[in-house]
Each structure stands twice: as structure tokens, then as C-alpha cells.
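S.K.: Chains as they are written, first to last, in this note's numbering: chain A, 97 to 252; chain B, 97 to 252.
Cβ coordinates follow ideal geometry from the N, Cα and C atoms, glycine included.
2 protein chains.
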Amino acid sequence: MTKIEIHVIGKPHSRYIIEGINQYKKWLSSSFETRIKYYPLKNYRNLAPENIKEKEADLYLKNINESEEIFVLHERGKEFTSVEFNRKINDIFNNGKSKIIFLIGGPYGLSSRILEKSWCKLSLSKMTFTHEMSVLLLLEQLYRSYTIDIGKKYHF
Amino acid sequence: MTKIEIHVIGKPHSRYIIEGINQYKKWLSSSFETRIKYYPLKNYRNLAPENIKEKEADLYLKNINESEEIFVLHERGKEFTSVEFNRKINDIFNNGKSKIIFLIGGPYGLSSRILEKSWCKLSLSKMTFTHEMSVLLLLEQLYRSYTIDIGKKYHF
């Protein structure tokens, strides 16, 4: 089974977001093996933002296999329509990859060590949303992608 | 107090969305008087999509005062950053308007009678989200706009 991994700095704390994430993880379970890896925020509070971003980059780079297909969520990244996103996901899996990794940065953004990689930068919206909302939106789009594949009605 | 009205076809049904909407309505209560007007979906199921859109347009036009400031959520509308959206909202209220109305269409989209108006078309994302998610995202951006105004930290 194809795998989706979402790596994110900081756990969601709003109850409604946690509930929404759980709903989509359940709905996705027949199409992808979905794993969300949350990295702690709490150890870095006394560091300068630049240093925090480097600590976070260390965590990402230690925990991901760079030979996998990686997307970095970024506010100035490429915007896809849901249909284009579906096509992109399918192209990756059809080209022999079995896992896609999404990285969602912390409150100070991402280290240049991450941004300099050739990984696709993906923007969910020109608007800024909370990071926990980004996890939810990303799962929603992955579920929407699955419904496009199977022709399931899921509009409203 | 300035007023925000959101007119939307169909009630939200996911529990987590209802909870999120209630959270943001509560958080917004010190800055805007927020009212969400849900129109029923159920009466139109046997009609053709084109006729449903006209029925919905009748409802909107009957229930809104066209002299108010009106935004229409539309997938090919203008995308704002959160800061641009904040500026737009403030410009409207600073120019003497006391109410902003947002229209969110039904599953078949909006009648040309609505789209032909000179009202601002607003897109939250190139991606398609459920309509109930659009209500939540819109409230989140209105709350974010308020936090920008008061300089409150609300990033994560």
C-alpha cells in the first residue's frame, strides 16, 4: 500500500482540528497508509528563530529518507487545483514511488537548508492558516484526491 | 459594532467543523457581530442543477441588502494574502460601511445572476474544499484579520 507521511513541528491543540484529522486519517485508511510525525516545539523556546529553524531542519533531515518524494509546504510555493494535485500524486505513485512525504514547518518558517533542496514547494493558499489547520487541509485534499480516483461523489 | 454575515447553502454536518465554527464565532465576538445564515438544501433535490442555482439566487437576493458590501466566494475569484484581506476589510469599515456579507454557493455553484454583479469574488485557495470547510476557513481569516489589527500573536 502506498504511504503518506506528514512531518510537522508542534502537535495540534484545538480539539476540533484533532477530531478532523482523525476523521480524514480514518477515511484515508483504505487508500493510503497515513502517518503523521509530530516534532516537539517545547525544547527550543529560548533560542533565536534562526537557531530554532536549524534545530527543526536537523530533525527533518534525520527522520526522512531523501530518496523519497518530498513536498515542502510553503506560503510562496506552487498552488495546485485539487485536480492538478490529484494528477501529481498519481504521477508519483505510478512512477514507482511508494511513499510521499510532506513537511510542514514551525512558526518561524523553514531553514534555508530545507528550502534549497529541489523538493516541490506546495502552497495550499495565498492566505496564512494555522499550522494545525494546514495538516487538516492537506489530509482533506488527499482524501479529495482519492475520491477523484474512484469517482466518488464528495463535493459538499 | 461592525457586522459580518455569511450566507451559505446547506448546514455543516461534520461535528468537527461545527465545533470549529463555534470556536471562531466565540473568538470573533469581541470584534464583529457574526451571523451565519444557512439556507436549506433539501427542497431542491429533484430539480436540475441550473434550476437549483436559480432557486438559491432567489434566496440570496431576497435576504441580502444589496447596498451592503458583498463578497462572493468563488474558485476563480481573487486570492488575497491574509494581510491584504485584513486591509480590504478595514478599508470597507473605515469607509463608513458597517456590514460585510459573504456568499458561499451550493454544490452546483452560483447563478449567473449572482456572478454578474459587481461584487468582489474571493477565492480562499486554488484547491476546492468542502463548503463547510470554506465557512471555517473564512471565519479563521476574519479572526486572523482581527489579531493583525490588535497585534495579537496568533501564528501557530
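1. CA-CA distance, residue 200 of chain A and residue 217 of chain B?
2. Can you tell which of A/235, A/202, A/231, A/245 has the C-alpha that lies nearest to the C-alpha of residue 152 of chain A?
3. Are residue 236 of chain B and residue 120 of chain B touching if we call contact CB-CB under 8 Å?
4. For residue 69 of chain A, name the three-state secondary structure that DSSP assigns.
5. What does the Cβ neighbour count give for residue 247 of chain B, buried or exposed, with the cut at 16 atoms within 10 Å?
6. Let me know if residue 190 of chain A comes out buried or exposed under the rule of 16 or more other beta-carbons within 10 Å of its beta-carbon.
7. Hey, is the region 169-186 of chain A in contact with the region 203-222 of chain B, meaning 3+ C-beta pairs nearer than 8 Å?
8. If you draw a straight line from the alpha carbon of residue 165 of chain B to that of residue 118 of chain B, how long is it in whole angstroms?
9. Are the beta-carbon atoms of residue 205 of chain B and residue 149 of chain B separated by less than 8 Å?
10. Is residue 227 of chain B helix, strand or coil by DSSP?
11. Indicate whether residue 232 of chain B and residue 105 of chain B have their beta-carbon atoms separated by less than 8 Å.
12. For the region 171-191 of chain B, list every residue whose C-beta sits within 9 Å of some C-beta in chain A, in sequence order.
13. Quick check on residue 229 of chain A - is its C-beta less than 8 Å from some C-beta in chain B?
14. Residue 215 of chain B and residue 167 of chain B - do their beta-carbons sit closer together than 8 Å?
15. What residue range does the beta strand (DSSP E) around residue 133 of chain B cover?
16. Is there a C-beta anywhere in chain B that falls below 8 Å from the one on residue 225 of chain A?
17. Over the uninterrupted beta strand (DSSP E) stretch that includes residue 174 of chain A, give me the two end residues.
M.R.: So, from the data block:
1. Near 29 Å, if we compare the C-alpha coordinates of residue 217 of chain B and residue 200 of chain A.
2. Looking at the Cα atoms, A/202 is the closest of the given residues.
3. Yes, these two residues count as a Cβ contact at 8 Å.
4. In the structure as shown, chain A begins at 97 and stops at 252. Residue 69 of chain A is therefore absent and cannot be evaluated.
5. The residue in question, residue 247 of chain B, is exposed, as its Cβ has fewer than 16 Cβ neighbours within 10 Å.
6. Residue 190 of chain A is exposed by the Cβ-count criterion.
7. Contact between the region 169-186 of chain A and the region 203-222 of chain B is present, because at least three Cβ pairs lie under 8 Å.
8. Cα to Cα, residue 165 of chain B sits roughly 24 Å from residue 118 of chain B.
9. With contacts defined by Cβ atoms closer than 8 Å, residue 205 of chain B and residue 149 of chain B form a contacting pair.
10. In this structure, residue 227 of chain B counts as helix in the three-state DSSP scheme.
11. Contact flag unset, no.
12. Here the close residues are 171, 175, 176, 177, 178, 179, 180, 181.
13. Taking 8 Å as the CB threshold, residue 229 of chain A lines the interface with chain B.
14. Judged by beta-carbon spacing, residue 215 of chain B lies within the 8 Å limit of residue 167 of chain B, meaning their Cβ atoms are closer than that value.
15. Segment 129-135, the beta strand (DSSP E) holding residue 133 of chain B.
16. Yes, its Cβ sits closer than 8 Å to a Cβ of chain B.
17. Note, residue 174 of chain A: beta strand (DSSP E), 165-175.
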